[in-house]
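Numbering (UniProt numbering), first residue to last: 1 to 214. Some notes on the structure that comes next.
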Amino acid sequence: MTKTPKFYGLHWLLVIFLVVLIRPVLANDSLVILGDSLSAGYGVAKNQTWVSLLQQRWQQAHPNLTIINASISGETTQGALNRLDNILAEHQPAAIFVELGGNDGLRGFDLSQLRQRINQIIDAAQQQGVSVALSEVQLPPNYGPRFAEMFNQTYQQIADQQGITLVPFFMKPLVGKVGMIQDDGIHPTAKAQPLIADFLEPYLLDLVKQESKQ
């Protein structure tokens, strides 16, 4: 049977279609934000959160990078650990930014358990080839200076042990600035979200691009 020019034309149209369909999937690098209310955007419209602002920026500047916000207000390290397998299976991310532990600290949870659960989150991600960066988290000194100091030091210890990047606590630059913190004294306002996005963007770009080079 002789193949007609029409057949070859349809054949190449199919090939082009498959390339266009598959290439974005293969070229995409996804970053999961695994955090609590500071990343979920408590008290702020969804499109105003720092995660959404970065998504909007990256659609133009880095269209191959996708951000998945898996943060939940009130989340603890145990809650995130319970959800992690499903998050990894569903999104298969290149990298994860872990911003957790604040709710553990505010509830006075044992620091050894905090350390263990964050390490388990990091280990589980790395076992699947996912790059991880850890956000520093700090408690206010009114929770007791000794406990607050021990809590704050835990993150540096984990990062050193795991050999991963410790990102400075993104709330620290907002302290003392008018209009940056909600009336509860904990959560950033809508006005603060672009500043957080500016602060975190170089760290998160470096995290994802390091992974994409491996």
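For each residue, glycine too, the CB sits at the ideal point set by N, CA and C. Keep in mind the model is a prediction, meaning the values are calculated, not measured.
query, result
"Can the beta-carbon of LEU34 be found closer than 8 Å to that of LEU100?", "yes"
"Please classify ALA45 as buried or exposed, where buried requires at least 16 other C-beta atoms within 10 Å of its C-beta.", "exposed"
"Which one or two residues does DSSP pair with GLU99 in a beta bridge?", "GLY35"
"Do you know how far the Cα of ARG83 is from the Cα of ASP206?", "25 Å"
"Where PHE151 and LEU111 are concerned, what is the direct C-alpha to C-alpha distance, given to the nearest angstrom?", "7 Å"
"Using DSSP bridges, identify the partner residues of ASP29.", "LEU65"
"Using only CA atoms, which one of ALA192, ILE87, GLY102, GLY144 lies nearest to SER73?", "GLY102"
"Under the assumption that ILE121 contacts ALA80 (Cβ atoms under 8 Å), give the Cβ distance between them as a whole number of angstroms.", "6 Å"
"Which residue comes first and which comes last in the alpha helix (DSSP H) that contains residue 215?", "No statement about residue 215 is possible, as the shown extent of the chain runs from 1 to 214 and does not include it."
"Given a threshold of 16 other Cβ atoms within 10 Å of its Cβ, counted over all protein chains shown, does ALA125 qualify as buried or as exposed?", "buried"
"Closest by CA to PHE170, which one among LEU139, TYR143, GLY163?", "LEU139"
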